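Structure, as structure tokens:
Number of protein chains: 2
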Amino acid sequence: MAGSLGRICKGLKRLGSLIHPSASVSVRATFARTMLQGLPSSFFLKPRDFSLPNSSWGSEMMRLYKHYNSQCEVEMEGGETREGPWQRLPSYNRFLKYAPGGVYLSKIIQSKARLFTRNCRDPGATFEYALYFNSEEQKCVGIFQAGHLLEGPPGHVHGGAIATMIDTVTGAHATILSGPVVTANLNINYRRPIPLGSTVLIESSLDKKEGKKIFITCKVTSSDGSKVHTDTTALFVSIGVSHLLLGS
Amino acid sequence: MAGSLGRICKGLKRLGSLIHPSASVSVRATFARTMLQGLPSSFFLKPRDFSLPNSSWGSEMMRLYKHYNSQCEVEMEGGETREGPWQRLPSYNRFLKYAPGGVYLSKIIQSKARLFTRNCRDPGATFEYALYFNSEEQKCVGIFQAGHLLEGPPGHVHGGAIATMIDTVTGAHATILSGPVVTANLNINYRRPIPLGSTVLIESSLDKKEGKKIFITCKVTSSDGSKVHTDTTALFVSIGVSHLLLGS
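Those protein sequences? They're chains A and B, same order as listed.
Under this note's numbering, the first residue of the first sequence carries the number 25, and numbering increases by one thereafter.
Under this note's numbering, the first residue of the second sequence carries the number 25, and numbering increases by one thereafter.
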């Protein structure tokens, strides 16, 4: 066991940055893309990107998607395009199968394991979301459509499902800023319930960095920003790869 | 719309206590049982209790289940039994279908909606848990086996899935103590990751009550109590039924 873990760590250390341990989509994306870029494309099956629109996305989700996507590329004079201020972050339901080292990892981690927020095959039933990062403003935004299987209060989203999306967005943000991290604290104020089926905005802002600590604030609002559903402070701590895998 | 909501509220107010808006299992149970007790048994289909053992439960989960169940009934001299200090709380994946008033509620809330923690048909894949309440000690305990679809960090449970179980146990606890409540704050310190497939204990204790506020502390530990995975403070606020349904 220790030998296997040693090989895992050794292999993964060579890979540089790794995903955020709270299952951040952006980090999985970064990690998977890093892997894919360094190897022949035929070496891997192309993973499905879950943050692209599907038939379940409603008009408000599509409006927000188009809004942020339009700022990922900016048209210049002459018709050429350049990168805009925002970047869409793809999202997969597992990263290990696409990573060198997976041959060892699969001995430890069940092959059936899937990212919590991407474990449902029924489009629209649970978490539908896409994340965007703005490097100039050091902000991260999530657009989130809540499915009917996320119920807590009658007709409304479970507090744990809201916490899950907050952890996902802020964790992705922290990882982009500082590499591999763990969630150390989530302090969530629930102000207003979120109706099932509705689309909300999750906005994550860097508060400060102190050594290995990354302090982030996050607001979940209605899609037009007029109603605050939750406000949160989150603390993440940078970690090494061995810490992540050994879970110590 | 307003008229429908008015009828819903009027109908539900007559019912007395209602479920906790963070989808607490115990409250759903209490609510459903209250409904069932007041009506002919043939009036409803018997709902499935998800907190009973199934084939996915491992040895540690079964050990804890038997441990707490053995304290729900105590054998007296002469072989008779009486209620013990603990009470197991059944758990359903929806309560509205068993409640009078559902005819109105179903117009608003999608018929497919399911409790977030009980939305998966595959035994063992997500949340396997049972809750117990001790009225003498005013404590609530959850035994929780984490499935392979709850992944966050590689091989470990997502921070949001942990938050979900904390909200479930503490929310159930607050509702038993004070009737219908909403989660106002969850402040979670993540100390140690939880491996997928493992069984943990979630212990909820009443800190204090101040007017409508219920302050609760909660620890998630390894099943033998030796390792602390998270510690949490939670704040719940008592609400009226109309607040719960209108989501204001």
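Heads up, the beta-carbon is just placed ideally off N, CA and C, and yes, glycines get one too.
The structure presented is a predicted model; accordingly, all values stated were derived computationally and were not measured.
Any C-beta of chain B under 8 Å from that of residue i
i: A:K136; result: yes
i: A:A187; result: yes
i: A:S46; result: At A:S46, the pLDDT of 43 sits below 50, so the modelled position is not reliable; the number obtained from the coordinates is stated separately. With 8 Å as the cut-off, A:S46 counts as an interface residue toward chain B.
i: A:G102; result: no
i: A:G166; result: no
i: A:G179; result: yes
Chain A contact for residue i (CB, 8 Å cutoff)
i: B:L174; result: yes
i: B:L139; result: yes
i: B:N78; result: no
i: B:H253; result: no
Contact list for residue i against chain B, beta-carbon separation under 8 Å
i: A:Y214; result: V206, T207, A208, N209 and L210
Interface residues of chain A facing residue i [CB-CB closer than 7 Å]
i: B:D248; result: By Cβ distance, chain A contributes nothing, its closest Cβ being about 17 Å from B:D248, past 7 Å.
i: B:N143; result: L173
Proximal residues of chain A, C-beta to C-beta of residue i below 9 Å
i: B:A273; result: With chain B covering 25 to 272 only, the question about residue 273 of chain B has no answer from this structure.
Chain A residues whose Cβ lies nearer than 8 Å to that of residue i
i: B:T192; result: G184
Beta carbon of residue i nearer than 8 Å to that of residue j
i: B:A19; j: B:R118; result: Missing from the structure shown is residue 19 of chain B; chain B here goes from 25 to 272 and no further.
i: A:V224; j: A:V244; result: yes
i: A:N143; j: B:L173; result: yes
i: A:C164; j: A:A196; result: yes
i: A:I212; j: A:T254; result: yes
i: B:L1; j: B:G166; result: Coverage of chain B is limited to positions 25 through 272, which leaves residue 1 of chain B absent and any answer about it impossible.
i: B:V193; j: B:S229; result: no
i: B:D191; j: B:L210; result: yes
i: B:F239; j: A:E175; result: no
i: B:P147; j: B:S80; result: yes
i: B:R112; j: B:S83; result: no
i: B:Y116; j: B:R72; result: yes
i: A:W110; j: A:F168; result: no
i: A:F260; j: A:A198; result: yes
i: A:S202; j: A:S262; result: yes
i: A:I226; j: A:H180; result: no
i: B:E97; j: B:E104; result: no
i: B:G184; j: B:Y214; result: no
i: A:M189; j: A:Y153; result: yes
i: A:L88; j: A:S247; result: yes
Proximal residues of chain B, C-beta to C-beta of residue i below 7 Å
i: A:G82; result: Simply none; closest approach about 13 Å.
Residues sharing a beta bridge with residue i, DSSP
i: A:N209; result: A:L259 and B:N213
i: B:T105; result: B:E99
i: A:L225; result: A:I167 and A:T245
i: A:I238; result: A:K233 and A:F260
i: B:L113; result: B:L155
i: B:P219; result: B:H180
Neighbouring residues, chain B, relative to residue i (Cβ below 9 Å)
i: A:G108; result: Simply none; closest approach about 30 Å.
i: A:G148; result: By Cβ distance, chain B contributes nothing, its closest Cβ being about 10 Å from A:G148, past 9 Å.
Secondary structure, alpha helix (DSSP H): runs of 4+ residues fully inside the region 127-210 of chain B = Within the region 127-210 of chain B, the complete alpha helix (DSSP H) runs of at least 4 residues are 183-202.
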